[in-house]
Amino acid sequence: MNVQLNPFYKKFLMLMIVLGPIIWLVFTADGQRRTDLALLYLFGKGELNLAIERLHAEMTEAQFRGLFPDLALVCDEGANPFGDRLCTAEIGAFNAIPARAFTLFLSGDGLRAAKLIYRRAYHGTLQRQLTKRLGCPDRRSPPGRSLIEGPLVWQVDDGLLLLPAREPETDADAALFWLSGTAVRQRRHPPDGNG
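The working numbering numbers the first residue of the sequence shown as 20 and each following residue consecutively.
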């Protein structure tokens with residue numbers, strides 16, 4: 020049995036084989052994310068694959084560096100909201116989501132908090148990824164504000180994960196925070212007793 024396809028159909032199929040992936044990469048959210056990841060990789064931006072919910076206050080800077088030896092952490096001494104040192108690394112992606120930077124907040128040598136600055140266009144993707152892995156988040160409202168303005172909160176083994184409930188208006192506000200249980204207690208009850 021000899022099946023012949025019309026030359027028009029052959030050309031159309033060949034065109035779709037060539038154009039299909041390009042259309043997917045340019046016109047779909049998942050394709051655009053993968054294109055961004057490929058471009059960031061080509062420009063030398065590394066990826067950090069980290070289950071951020073598994074961080075804990077007993078982890079030291081040396082242990083973190085041992086887990087991620089290729090991560091170029093730059094550390095700086097000085098008081099910050101969670102300790103006395105911070106270490107930052109420029110990254111291109113975090114768990115397959117385009118990102119900008121990852122910061123560790125240390126008190127002495129112990130980890131107290133971490134901050135991921137991601138690309139705000141991927142806020143929904145990050146939120147879905149966290150919800151799939153950790154379940155539905157709680158909502159918390161800051162003092163004097165409505166519940167809608169508060170962040171999404173996931174309770175994790177040692178502390179909390181905080182993500183803005185809505186897509187941030189600026190890239191500077193697009194941040195995911197991990198706060199250790201120690202940091203949460205210190206924020207609620209400052210050492211000077213004024214909390």
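Cβ atoms here follow ideal geometry from the backbone N, Cα and C, with glycine treated the same way. These figures come from a predicted structure and were not determined experimentally.
Under DSSP, residue 173 forms a beta bridge with 180. In this structure, residue 195 and residue 179 do not form a Cβ contact; the two beta carbons are roughly 11 Å apart against a cut-off of 8 Å. One alpha carbon belongs to residue 47, the other to residue 177, and they sit about 37 Å apart.
Counting every other CB atom within 10 Å of its CB across the protein chains shown gives residue 186 a total below 16, marking it as exposed. With respect to residue 123, residue 105 sits close: the two C-beta atoms are nearer than 8 Å. If you draw a straight line from the Cα of residue 69 to the Cα of residue 25, it is about 52 Å long. If you look at residue 41, you'll find it in the alpha helix (DSSP H) that goes 26-46. Here residue 173 has 153, 156 and 180 as same chain residues with Cβ atoms under 6 Å from its own Cβ, once five neighbours each way along the sequence are excluded. Taken atom to atom, the span from the alpha-carbon of residue 201 to that of residue 126 is near 10 Å. A check of alpha carbon separations from residue 57 across 37, 98, 29 and 117 identifies 117 as the nearest.
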